[in-house]
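A quick write-up on the structure given underneath.
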Amino acid sequence: MKTLYDFTYPQLVEWLESQQIKKFRAKQLFTWLYKKRVNDVEEMSDLSKEFREMLSQTFSMQSIQLKEKHVAADQTTKYLFELEDGLLVETVLMHHDYGKSVCVSSQIGCNMGCKFCASGLLKKQRNLTAGEMVQQVLFVQKQLDHDDERVSSIVVMGIGEPFDNYDHVLNFLKTINSDHGLAIGSRKLTISTCGIVEGILKLANEPLQINLAISLHAPNDALRSMLMPINQAHPIKELMEALMTYYDETNRRITYEYILLDGVNDHLEHANELADLIHGQNAYVNLIPYNPVDEQPFDRTSFKVALKFYDQLKKRGIQVTLRQEHGVDIDAACGQLRSKRLKEQ
Ligand code: SAH
Numbered sequence: 038m039k040t041l042y043d044f045t046y047p048q049l050v051e052w053l054e055s056q057q058i059k060k061f062r063a064k065q066l067f068t069w070l071y072k073k074r075v076n077d078v079e080e081m082s083d084l085s086k087e088f089r090e091m092l093s094q095t096f097s098m099q100s101i102q103l104k105e106k107h108v109a110a111d112q113t114t115k116y117l118f119e120l121e122d123g124l125l126v127e128t129v130l131m132h133h134d135y136g137k138s139v140c141v142s143s144q145i146g147c148n149m150g151c152k153f154c155a156s157g158l159l160k161k162q163r164n165l166t167a168g169e170m171v172q173q174v175l176f177v178q179k180q181l182d183h184d185d186e187r188v189s190s191i192v193v194m195g196i197g198e199p200f201d202n203y204d205h206v207l208n209f210l211k212t213i214n215s216d217h218g219l220a221i222g223s224r225k226l227t228i229s230t231c232g233i234v235e236g237i238l239k240l241a242n243e244p245l246q247i248n249l250a251i252s253l254h255a256p257n258d259a260l261r262s263m264l265m266p267i268n269q270a271h272p273i274k275e276l277m278e279a280l281m282t283y284y285d286e287t288n289r290r291i292t293y294e295y296i297l298l299d300g301v302n303d304h305l306e307h308a309n310e311l312a313d314l315i316h317g318q319n320a321y322v323n324l325i326p327y328n329p330v331d332e333q334p335f336d337r338t339s340f341k342v343a344l345k346f347y348d349q350l351k352k353r354g355i356q357v358t359l360r361q362e363h364g365v366d367i368d369a370a371c372g373q374l375r376s377k378r379l380k381e382q
């Protein structure tokens, strides 16, 4: 059943008008949903009884239910939700010194088949709706409300490939960004993609100025195609051309994510090749420690080797960070909790 969270603000205005309802109701509804954050239409006390009844009959108020919650030693919190059709989805809350960020899943399973990833082991069952993504964030925000705290940034880096579900992901981000909605600034929103070129080019023309992260993970086609099947469809040259277009249109700095896999992509030659590839771009590289997945044959690069890789990139004038990992003790990496539960079932 559709929820009120599926509507962006302009979509809600349009729907209300199609029902011959005054459009100022959209503002009232968004205030109840996103500012007062009520859980039930019945709490929307300035709406008439008939209107509330009509809303309750047309929409379900909540389509995700908390199944499990795990808090790691570093306070990273992982939520496992059950959707109306019984499928499971993961959301992670991370605490940084610059604020609280929520990692949102965009699909149930994923079809991209990256060889190191737990999500790819389970094929895509369906796309998440905009409302299901909005509710992941709202649920976490409602928990933070108890301590008067706020979600300050969103990364679409959970299970799924956001550009394989483009419209719903964009609608979700529009609601999160809207002044009528959660009002999280567009600069605090990030989409991470494995490199779907059509999505990158489409995003380049969106008025919403959100951040783009590219899961690169390898500096050449031979290695990247082995790790990430998407590279066969969109090889590195095509990806780089799309990113140039994206940069020309948006002037926004690009983030490259690079998981360090022991003995696979972490040699100094790889660092040099990577530097050659992105040299001169307004971009930075986020080196990510690998969270080993039981079924996959990869290991984490040692910290010592990671530092050498990092130093080499620095030496070559590349902006780089060595990412801290969050919540290792609770399987917070992509798809790990969900795949564990599915195996148990
Ligand atoms: N499909 C999108 C977003 C989901 S994956 C993408 O590819 O970007 C989010 C990030 O986590 C990606 O960079 C992905 O490559 C990385 N990732 C996947 N499995 C991982 C693991 N086991 N350890 C560390 N990072 C992982």
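Counted the way my numbering counts, the sequence shown spans residues 38 to 382.
Even for Gly, the Cβ is constructed at its ideal location relative to N, Cα and C.
Compute the distance between the beta-carbons of residue i and residue j, then report whether it is under 8 Å.
{"i": "H217", "j": "Y71", "result": "yes"}
{"i": "V188", "j": "Q173", "result": "no"}
{"i": "I273", "j": "D258", "result": "yes"}
{"i": "E286", "j": "A241", "result": "yes"}
{"i": "F346", "j": "L298", "result": "no"}
{"i": "C231", "j": "E198", "result": "yes"}
{"i": "V126", "j": "F118", "result": "yes"}
{"i": "G136", "j": "S190", "result": "yes"}
{"i": "V322", "j": "L344", "result": "no"}
Which residues mark the beginning and the end of the beta strand (DSSP E) in which residue i is found?
{"i": "I101", "result": "101-108"}
{"i": "P326", "result": "320-326"}
{"i": "Y347", "result": "It is not in any beta strand (DSSP E) - Y347 instead sits in the alpha helix (DSSP H) that spans 340-352."}
{"i": "E294", "result": "291-297"}
{"i": "I233", "result": "First-last for I233: undefined, no H or E at that position."}
{"i": "Q356", "result": "356-359"}
{"i": "S189", "result": "188-193"}
At what residues does the alpha helix (DSSP H) containing residue i begin and finish?
{"i": "Q180", "result": "167-182"}
{"i": "K64", "result": "61-67"}
{"i": "T282", "result": "273-287"}
{"i": "V129", "result": "Careful: V129 lies outside any alpha helix (DSSP H), inside the beta strand (DSSP E) at 125-133."}
{"i": "V50", "result": "46-55"}
Could you have a look at residue i and say whether DSSP puts it in helix, strand or coil?
{"i": "S93", "result": "helix"}
{"i": "H307", "result": "helix"}
{"i": "N248", "result": "strand"}
{"i": "F335", "result": "coil"}
{"i": "N214", "result": "helix"}
{"i": "I221", "result": "coil"}
{"i": "K72", "result": "helix"}
{"i": "F118", "result": "strand"}
Any heavy atom of ligand 1 closer than 7 Å to the beta-carbon of residue i?
{"i": "S339", "result": "no"}
{"i": "E294", "result": "yes"}
{"i": "M194", "result": "yes"}
{"i": "S138", "result": "no"}
{"i": "G197", "result": "yes"}
{"i": "S229", "result": "yes"}
{"i": "Y135", "result": "no"}
{"i": "M149", "result": "yes"}
{"i": "A255", "result": "no"}
{"i": "I325", "result": "yes"}
{"i": "A167", "result": "no"}
{"i": "V357", "result": "no"}
{"i": "F12", "result": "Residue 12 lies beyond the residue range present for the chain, which begins at 38 and ends at 382; the question has no answer from this structure."}
{"i": "N328", "result": "yes"}
Check the C-beta distance from residue i over to residue j and give it rounded, since I have them as a contact under 8 Å.
{"i": "L392", "j": "I145", "result": "The displayed coordinates of the chain run from 38 to 382. Any statement about residue 392 would go beyond what the structure contains."}
{"i": "Q202", "j": "N248", "result": "Correcting the residue identity first, residue 202 is Asn in this sequence and not Gln. Wrong, their Cβ atoms sit about 18 Å apart, outside the cutoff."}
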